[in-house]
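Be aware that the sequence shown starts at 8, since it is given in this note's numbering, and climbs by one per residue. Just so it is clear, CB atoms sit at the ideal spot from N, CA and C, and this is done for glycine as well. In what follows, a structure is listed as structure tokens, so that the remarks can point back to it.
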Amino acid sequence: MKRLLHLVVDDKFVDSAVREFEAVAPGRHEWWLLDAQPPWRWLRSERVRGTARADWLRRAAEPDVAAVVLHSLPREHLLLLPQLPPGPQVVWIGWGFDYCGLAADAFPEGLLGPQTAALLARLLPREPALQPGRMRASQLSLARPFPKPSHVEQQALARIDVFSPVLDNEHAMVARHQPTLRADYLRWNYGTVEEDLSLPGQPPGPVPLGPDLLVGNSATAANNHLEAFAALRARDDLDGRRLVVPLTYGDPDGSYLDAVQRAGRQAFGAAFVPLREHLPVAQYIALLQSCGHVLMNHVRQQALGNLVISGMLGARLHLRRENPIRPWMQARGLPVGDLGRLDLAPLAPADAQRQSATLRAEFGRTAQRARTQALVERALAPRPAR
Numbered sequence: 008m009k010r011l012l013h014l015v016v017d018d019k020f021v022d023s024a025v026r027e028f029e030a031v032a033p034g035r036h037e038w039w040l041l042d043a044q045p046p047w048r049w050l051r052s053e054r055v056r057g058t059a060r061a062d063w064l065r066r067a068a069e070p071d072v073a074a075v076v077l078h079s080l081p082r083e084h085l086l087l088l089p090q091l092p093p094g095p096q097v098v099w100i101g102w103g104f105d106y107c108g109l110a111a112d113a114f115p116e117g118l119l120g121p122q123t124a125a126l127l128a129r130l131l132p133r134e135p136a137l138q139p140g141r142m143r144a145s146q147l148s149l150a151r152p153f154p155k156p157s158h159v160e161q162q163a164l165a166r167i168d169v170f171s172p173v174l175d176n177e178h179a180m181v182a183r184h185q186p187t188l189r190a191d192y193l194r195w196n197y198g199t200v201e202e203d204l205s206l207p208g209q210p211p212g213p214v215p216l217g218p219d220l221l222v223g224n225s226a227t228a229a230n231n232h233l234e235a236f237a238a239l240r241a242r243d244d245l246d247g248r249r250l251v252v253p254l255t256y257g258d259p260d261g262s263y264l265d266a267v268q269r270a271g272r273q274a275f276g277a278a279f280v281p282l283r284e285h286l287p288v289a290q291y292i293a294l295l296q297s298c299g300h301v302l303m304n305h306v307r308q309q310a311l312g313n314l315v316i317s318g319m320l321g322a323r324l325h326l327r328r329e330n331p332i333r334p335w336m337q338a339r340g341l342p343v344g345d346l347g348r349l350d351l352a353p354l355a356p357a358d359a360q361r362q363s364a365t366l367r368a369e370f371g372r373t374a375q376r377a378r379t380q381a382l383v384e385r386a387l388a389p390r391p392a393r
């Protein structure tokens, strides 16, 4: 029996992938995490096993392996691809961070606003003196935190047969800037409405929401928190509203998180509500019901899960014009707002209902299960000639 080798990272998203792939093709999957052993920090599935990369490469070369499925593509995984034999297909399910460098030229001004870039410059370790020939990081270089691929990495991209980024328009964007990536597109996303993106037993459709604002999704600089805070401080319609700011993950040493928290407290006082501790999904979704507006100040695609959850609840979604999620939503008729022209009126009931129904159809179990079935069928088929 042909099998699929899934190469994963220690992240909470992987558990939903294990559930969906095993439901479609039980017994055909192996789940591997390189150079680590349980207990994992975020993973909960007992199906995931740790292994050395040399052992994993030997396993991938065995004749019963039909395909390798990459759940995100950190650099150390990308560099393994030229070592694979020619037989198995390679499927890359992209997460966003792993292809930002590949599409860096799509965002010529970088991913960070000037205030955020200046903050990162201040947070860099200070050196008593620069070594000869070295330059201090410019704000533009800080705004491009994902390096472009090396020649070796570009050549490794040619080994990928299927590329499933978060959004379909990102496939074209990455391929336009990386001609060695000739992979076909198949849609696949993590999570389903019923199991991951709504409260158990919650009826479909929007619900009454509070007046608060959800700002950003993590303690990563790509959220451009400082620019969002500055825009909100200039408004005179924030009385009675809180700013709920998730800062649970994304900042290993905590320096950016602390700086954002200080800035938020200084600007908004008690109305600033930072979320520093991980909340169970049900508790987090319940908290989102206080937020009638979601403000995501990312240049790149990020925080789609938050947008889907809040959008199904009936919140008004506000995105930057540059963000690829905005045209993706607009193509589906969703009333996504422009952060540059922030409208804090609630969505009209008809718009909220249409938005909720559209997102539920896009990410519901039936649609996601069909996509998993299509991906498995493609992965089990013989590798096409290129």
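Could you check which residue in the options has the C-alpha nearest to that of residue i?
| i | options | result |
| --- | --- | --- |
| R48 | D62, P389 and V16 | V16 |
| E369 | G312, S79 and A352 | G312 |
| D258 | L109, L64 and L130 | L130 |
| E336 | S262, M319 and W63 | Looking at the sequence itself, residue 336 is Met, so the reference to Glu does not match. The candidate whose alpha carbon is nearest that of M336 is M319. |
| E160 | F236, A229 and L80 | L80 |
| F299 | D112, L11, L220 and L12 | At residue 299 the sequence reads Gly, which differs from the Phe that was named. Of D112, L11, L220 and L12, the residue nearest in Cα terms is L220. |
| L366 | L204, G208, S297 and K155 | L204 |
| R272 | G34, V288, E29 and A237 | A237 |
| R65 | L87, R51, R54 and P46 | L87 |
| Q380 | R35, R54 and G321 | R35 |
| Q309 | P45, G347 and G223 | G223 |
| V214 | Q360, A67 and P115 | Q360 |
| D191 | N176, P211, Q209 and I167 | I167 |
| A392 | V267, P218, P281 and V97 | V97 |
| Q162 | A111, L85 and P210 | L85 |
| P207 | A179, V288 and A241 | V288 |
Helix, strand or coil: how does DSSP classify residue i here?
| i | result |
| --- | --- |
| E202 | helix |
| R141 | Confidence is the limiting factor: at R141 the pLDDT is only 38, short of 50, which leaves the residue's position unreliable, though a coordinate-based value still follows. Here R141 sits in coil by DSSP. |
| Y197 | coil |
| A352 | coil |
| W335 | helix |
| F279 | strand |
| Y192 | strand |
| L302 | strand |
| H13 | strand |
| T187 | coil |
| D219 | strand |
| F28 | helix |
| R249 | coil |
| S79 | coil |
| Q268 | helix |
Between the beta-carbon of residue i and the beta-carbon of residue j, is there less than 8 Å?
| i | j | result |
| --- | --- | --- |
| G198 | S363 | no |
| L41 | T58 | yes |
| D350 | R328 | no |
| I100 | W195 | yes |
| A228 | R189 | no |
| A113 | H184 | yes |
| L174 | A226 | no |
| Q156 | G103 | Note on residue identity: the sequence assigns Pro, not Gln, to residue 156. Taking 8 Å as the Cβ cut-off, P156 and G103 do not qualify as a contacting pair. |
| P334 | N176 | yes |
Please look up how many angstroms separate the CB atoms of residue i and residue j, rounded, as I've assumed it's under 8 Å.
| i | j | result |
| --- | --- | --- |
| L314 | I332 | 7 Å |
| V169 | G371 | Actually they do not touch by this definition, with Cβ atoms about 23 Å apart. |
| E234 | G120 | 4 Å |
| L302 | H325 | 5 Å |
| L250 | A322 | Their Cβ separation, rounded to whole angstroms, is 14 Å, which puts L250 and A322 out of contact at 8 Å. |
| S52 | V25 | 4 Å |
Count Cβ pairs between the region 202-216 and the region 85-94 that sit closer than 8 Å; are there 3 or more?
no
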